[in-house]
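Protein chains: 2
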Amino acid sequence: MTMLERVTTRPGGRRPGATRTRVDILAAAQQSFAEHGYVLTTIRGVARAAGVDPALVLQFFGSKDGLFDAALRDDPPVRSLVSLAGEGDPSDLGARLAARYLELWEDPHTGPRMLAVIRAAAAAPSASAMVTAFMTDAVMLPLARAIGADQAELRATLTGAYLFGVATARYVLRVEPLAVLDRQAAVAYVAPVVQHHLTGDLTPP
Amino acid sequence: MTMLERVTTRPGGRRPGATRTRVDILAAAQQSFAEHGYVLTTIRGVARAAGVDPALVLQFFGSKDGLFDAALRDDPPVRSLVSLAGEGDPSDLGARLAARYLELWEDPHTGPRMLAVIRAAAAAPSASAMVTAFMTDAVMLPLARAIGADQAELRATLTGAYLFGVATARYVLRVEPLAVLDRQAAVAYVAPVVQHHLTGDLTPP
DNA sequence: AAGCATAGTCATCGATGTTGAATTTCTCGG
DNA sequence: CCGAGAAATTCAACATCGATGACTATGCTT
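Protein sequence lines correspond, in order, to chains A and B.
Using the UniProt record's numbering, you'd call the opening residue of the first sequence number 1 and step up by one each time.
Using the UniProt record's numbering, you'd call the opening residue of the second sequence number 1 and step up by one each time.
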């Protein structure tokens with residue numbers, strides 16, 4: 001009743017060999033957050049998908065919010081937008097930024113991750129921090145600074161707020177007719193407003 | 001062990017006299033949703049504040065989402081914006097709409113309720129329906145129709161998306177410097193863009 | 001007075017995020 | 001090479017949550 005049974009039962013303890021569980025957990029979390037959103041994603045479900053005990057997820061990442069942060073923090077897709085500032089004329093940055101931003105939303109790889117962040121913004125502090133970072137330091141502020149705009153901080157937050165609103169209406173709430181426009185048309189409507197926020201006269205007469 | 005004890009114990013049953021519990025529950029829910037948001041609001045907490053058993057809340061409203069809907073559905077503050085269309089020249093509707101909208105957000109009575117709706121939009125279906133209704137049938141579409149604009153549906157959703165984005169950045173995420181602007185200045189920045197969406201050329205050369 | 005709808009409570013269920021103790025394996029200094 | 005501490009891993013349990021079903025008491029209608 002002692003020694004022989006020890007071989008079949010596995011009551012805890014470190015697994016032998018190389019350890020890959022942390023990466024597995026992060027991959028499972030990334031997929032679940034993107035597919036089901038923050039609220040419907042459960043730590044137990046992520047643990048099951050990764051073949052691991054739920055407590056291990058929390059030992060690694062501290063909390064559900066910490067797991068979300070670790071899964072979606074590094075390499076956020078929108079950061080690639082920053083390079084747009086140096087690739088063309090500032091006078092049509094609005095069009096290029098709008099086009100590339102909507103492309104990211106419709107890309108099957110990056111879109112779901114951005115959706116996850118916005119849907120989690122109400123419940124997960126780290127998600128709301130990511131949205132804030134998009135409107136300031138991480139994306140919009142570098143962009144506004146790169147084209148040498150005055151009032152760069154204000155222009156950055158206004159542009160970010162506008163893009164955030166459009167994306168929420170079109171991709172999260174799917175409000176018609178904005179949601180059923182093809183992308184070219186949507187870009188045509190959005191681009192002039194982005195351009196105005198970046199380089200236009202913010203308070204015309 | 002039977003008849004005399006019946007007097008002291010209260011194992012269920014309708015309360016004698018007039019009934020006010022339904023209103024009490026709604027008031028408690030309204031306050032809790034506005035103060036703590038959707039996720040932190042608990043049915044048990046609302047029941048406790050209303051002096052009632054938690055099961056009664058669900059008997060009345062079916063689910064937590066149903067409770068949210070019943071608490072914030074009727075008389076949404078933003079509906080008062082519709083009347084702005086008939087009160088002045090369409091050429092400065094952007095300024096009047098922007099001013100009144102931000103006023104609603106900063107009003108201590110209506111502001112918290114609007115905050116509750118936006119913060120719940122990710123988790124409560126009825127809340128996301130309210131935001132959608134704001135961008136379409138309930139508010140923005142009647143406004144666009146009242147001034148006889150072409151492409152009223154598209155102008156409505158674009159304007160709604162913009163106002164939603166600005167409000168989220170300024171009042172929910174509190175992104176600086178947009179959040180620390182005084183209201184007059186914020187209106188001055190927002191109004192031209194609202195006007196453009198309502199009456200301007202949507203796709204200039 | 002009878003009967004049905006309404007108001008109200010209780011006990012309970014399954015699921016969730018989180019914690020603490022216990023067990024096994026790895027790593028590294030002597 | 002070995003012994004100790006660090007890291008990985010599991011289990012059991014807790015408190016809380018939304019939700020359900022059975023049960024009881026009051027009001028309303030006829």
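Built from N, CA and C at the ideal position, the CB exists for glycine as well.
Minimum C-alpha distance to V57(B) - residue among D92(B), V23(B) and L115(B): Relative to V57(B), the option among D92(B), V23(B) and L115(B) whose CA is nearest is V23(B).
Under the three-state reduction of DSSP, which class applies to V46(B): helix, strand or coil? It is helical.
Just checking: is the beta-carbon of P90(B) within a distance shorter than 8 Å of some beta-carbon in chain A? It does not; no Cβ of chain A falls within 8 Å.
Neighbour list for T168(B) in chain A, Cβ cutoff strictly below 9 Å: Ordered by position in chain A, the residues that pass the 9 Å Cβ test against T168(B) are A121, V131, A161, F164, G165 and T168.
Using a Cβ cut-off of 8 Å (strictly closer), state whether V175(A) contacts chain B. Answer yes: the Cβ-Cβ gap between V175(A) and chain B drops below 8 Å somewhere.
Proximity test, Cβ basis, 8 Å: E153(B) and chain A: At least one chain A Cβ lies under 8 Å of E153(B).
Considering only the alpha carbon of each residue, which of A29(A), T203(A) and D201(A) lies closest to R73(A)? Looking at the Cα atoms, A29(A) is the closest of the given residues.
Please give me, in chain order, every unbroken run of the alpha helix (DSSP H) with length at least 4 that falls completely inside the UniProt domain "HTH tetR-type" (19-79) of chain B. Qualifying alpha helix (DSSP H) stretches, in chain order: 21-40, 43-50, 54-61 and 64-72.
Less than 8 Å between CB atoms is the rule here; does A71(A) satisfy it with respect to chain B? Chain B contact via Cβ: absent.
Counted within 10 angstroms of its Cβ, other Cβ atoms place L40(B) as buried (16 or more) or exposed: In this structure L40(B) is exposed. Its beta-carbon is surrounded by fewer than 16 other beta-carbon atoms within 10 angstroms.
Using the Cα positions of V194(A) and P204(B), report the straight-line distance between them to the nearest angstrom. Straight-line spacing of the CA atoms in V194(A) and P204(B) works out to 13 Å.
Against chain B, does T136(A) count as a neighbour if the rule is that its beta carbon must be under 8 Å from one of theirs? In terms of beta-carbon proximity, T136(A) lines the interface with chain B, with at least one pair separated by less than 8 Å.
Please report the straight-line C-alpha distance between G94(B) and R20(A), rounded to a whole angstrom. Cα to Cα, the separation comes out at about 56 Å.
Beta carbon proximity, V180(A) to chain B, threshold 8 Å: It does not: the Cβ of V180(A) has no partner Cβ on chain B nearer than 8 Å.
Using the Cα positions of A188(B) and A122(B), report the straight-line distance between them to the nearest angstrom. Each residue's Cα considered, the two are about 30 Å apart.
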